[in-house]
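Here the structure is laid out as structure tokens; the discussion comes afterwards.
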Amino acid sequence: MHETMFMISPPHGISPMPDADHDAPHNSGLASSTISFGSSTSPASVAPGAGTSSVGTNVSPSTGQNLKWFTHPSTWTIGYHYQLHEGLPSPQAFSDFIRGLQCWVRRFQREGHSPLIHRQLYPARAIPDCIQDAYAAIAVAEGVCPENENLVDSIANSLVMRLISSYPQMPAHGLSIVTTADHLARTQALLIHIILALFSSSISRQAKAESLIETLHRWKLALWESASQEASLVDMFPSVQADPLGSGEPAGESVPELHRAFIMCESIRRTWLVSAMTIGVYRSLRGDWSSACAGDVLFTSRAGLWDASTSARWAAIAEGEDPLFDYSLASRQLAKRDLSVAEVDEFALHLYSLMWGADTVESWFVRT
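Per the UniProt record's numbering: the sequence shown = residues 1 to 368.
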């Protein structure tokens, strides 16, 4: 996962990894809401990879247009690259990356919030069953010891298989009744199970996680496809506003509604990136570099936007600063600008530590 040259569509001879299956889901305990993207800004203002320092600057803040850098359908384009750098991440970089993900999982269990799962993503009274099970799996894994390892393995396996069985595999291009919010919940849940098991000390749990890598890959593709389709639908029919978190009210132009839309959209982007990088790290550790980098997506790396405690705070940061909305593999440009590390989100810095190397990120920190 290194800085590379980007193309909006795959270059000749390179195609996206295929979406093997559209898994048809059914689980009444899952989040049943859809995304509110809001009426989008112009494509030119959010061109992938171009940065967003000028987004909305010519629009009155009262309209909320300068808070919509993430809404246009073009922002859901996967960027493909070629010409890998000579250097590859070290085994230590891989280990540090995985330890960081495990820390985020534990933080979610203890605090209800992490760089991967936002505290406001799931309403307290409507937490999807799969997320509740993933939460339980974290708590169980935290208490593992040699004396209870077999019990932990059994419980963990039961929880993850309940998730998988909730989504019987369907033929490719089959009709799916799963919403984008459902796709996000199940993908985050599976990602948590895999992070807990794939790098644990339990051989049986590792084996189970390995068998689910391809499922995670399919689910992240289905998640992205669903989000892309919904973004296009809202752009085609801007008067049709979806309900971002199942509140039962149509989405409008208010700051709280745009903040909720940001949380959902950014959650999808971060889940896709972490899923792709986890799969890439696992395969690379096994000596398979052929699919370590299969595409890249736009995400927001401005510090404070993800962790904003209120929609008013989020809007204040977004209106006053460039949201740093770009592809992860274009991230080295940040270090070349007059930006301090303190201005960059924790999620982004963790990804950069793997892609650039911890020493490079540390040098940036010292320099600024």
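Beta carbons: idealized from backbone N, C-alpha and C, even for Gly.
{"Asked": "Local Cβ density within 10 Å of Asp359, reported as buried at 16 or more and exposed below that", "Found": "exposed"}
{"Asked": "Three-state secondary structure assigned by DSSP to Ser32", "Found": "The predicted model places Ser32 with a pLDDT of 39, which falls under 50 and marks its position as unreliable, so this point remains unresolved."}
{"Asked": "Contact check, Leu190 vs Leu221, beta carbons under 8 Å", "Found": "no"}
{"Asked": "Close Cβ partners of Phe94 (< 8 Å) along its chain, the five nearest in sequence each way excluded", "Found": "Val281, Ser284, Leu285, Leu354"}
{"Asked": "Cβ pair count under 8 Å reaching 3, the stretch 252-262 against the stretch 311-324", "Found": "yes"}
{"Asked": "Coarse secondary structure for Thr278, derived from DSSP in three states", "Found": "helix"}
{"Asked": "Chain-order list of residues whose beta-carbon lies under 7 Å from that of Val140 (same chain, five-residue window excluded)", "Found": "Val152, Ile155, Ala156"}
{"Asked": "Under 8 Å between C-beta atoms of Gln132 and Ile263", "Found": "no"}
{"Asked": "Closest Cα partner of Ser309 within the set Ser165, Gly357, Gly112, Gln102", "Found": "Gly112"}
{"Asked": "Residue interval of the alpha helix (DSSP H) (run including Asp153)", "Found": "149-165"}
{"Asked": "Residue nearest to Ser301 in terms of C-alpha spacing, selected from His217, Glu343, Arg205", "Found": "Glu343"}
{"Asked": "Among Ile194, Ala335, Asp345, nearest to Thr278 - alpha-carbon criterion", "Found": "Ile194"}
{"Asked": "Ser60 in three-state terms, based on DSSP", "Found": "With a pLDDT of 41 at Ser60, under the threshold of 50, the modelled position of this residue cannot be trusted, and the question is left open."}
{"Asked": "Endpoints, the alpha helix (DSSP H) within which Tyr135 is located", "Found": "129-142"}
{"Asked": "Under 8 Å between C-beta atoms of Thr187 and Leu223", "Found": "yes"}
{"Asked": "For Leu88: DSSP bridge partner residues", "Found": "Its beta-bridge partners do not exist; DSSP assigns none."}
{"Asked": "Any chain C beta carbon closer than 8 Å to Leu349", "Found": "Among the chains of the structure shown, chain C does not appear; only one protein chain is present."}
{"Asked": "Residue from Leu339, Asp338, Val361 whose Cα sits closest to the Cα of Leu349", "Found": "Val361"}
{"Asked": "In DSSP terms, what residue 405 is bridged to", "Found": "Any question about residue 405 goes unanswered here, given that the chain covers just 1 to 368."}
{"Asked": "Bounding residues of the alpha helix (DSSP H) (the contiguous stretch that carries Thr75)", "Found": "Run containing Thr75: none; DSSP gives neither H nor E here."}
{"Asked": "Cβ-based neighbour list, Gly304, same chain, cut-off 7 Å, excluding 5 preceding and 5 following", "Found": "Ile317"}
{"Asked": "Three-state secondary structure assigned by DSSP to Tyr327", "Found": "strand"}
{"Asked": "Euclidean distance between Cα positions of Ala136 and Leu159", "Found": "8 Å"}
{"Asked": "Own chain partners of Phe108 with C-beta closer than 6 Å, once the 5 adjacent residues on each side are dropped", "Found": "Ser114, Ile117"}
{"Asked": "Counterpart residues of Leu298 in DSSP-defined beta bridges", "Found": "Tyr327"}
{"Asked": "Own chain, CB closer than 6 Å to Asp296, minus 5 neighbours either side, in chain order", "Found": "Gly79, Tyr327, Ser328, Leu329"}
{"Asked": "Per-residue DSSP class, three states only, for Val255", "Found": "helix"}
{"Asked": "CB-CB length for Leu196 against Val105, believed under 8 Å", "Found": "7 Å"}
{"Asked": "Nearest-angstrom Cβ-Cβ length linking Trp356 and Arg332, presumed shorter than 8 Å", "Found": "7 Å"}
{"Asked": "Cα-Cα separation, Trp272 to Leu351", "Found": "13 Å"}
{"Asked": "With 16 other Cβ atoms within 10 Å as the buried cut-off, status of Leu334", "Found": "buried"}
{"Asked": "Residue interval of the alpha helix (DSSP H) (run including Val361)", "Found": "358-367"}
{"Asked": "Separation of Arg99 from Phe199, as counted between CA atoms", "Found": "9 Å"}
{"Asked": "From Cys145, Ser228, Arg367, Leu298, residue whose alpha carbon lies closest to that of Val341", "Found": "Arg367"}
{"Asked": "Status (buried if at least 16 other CB within 10 Å, exposed otherwise) for Glu147", "Found": "exposed"}
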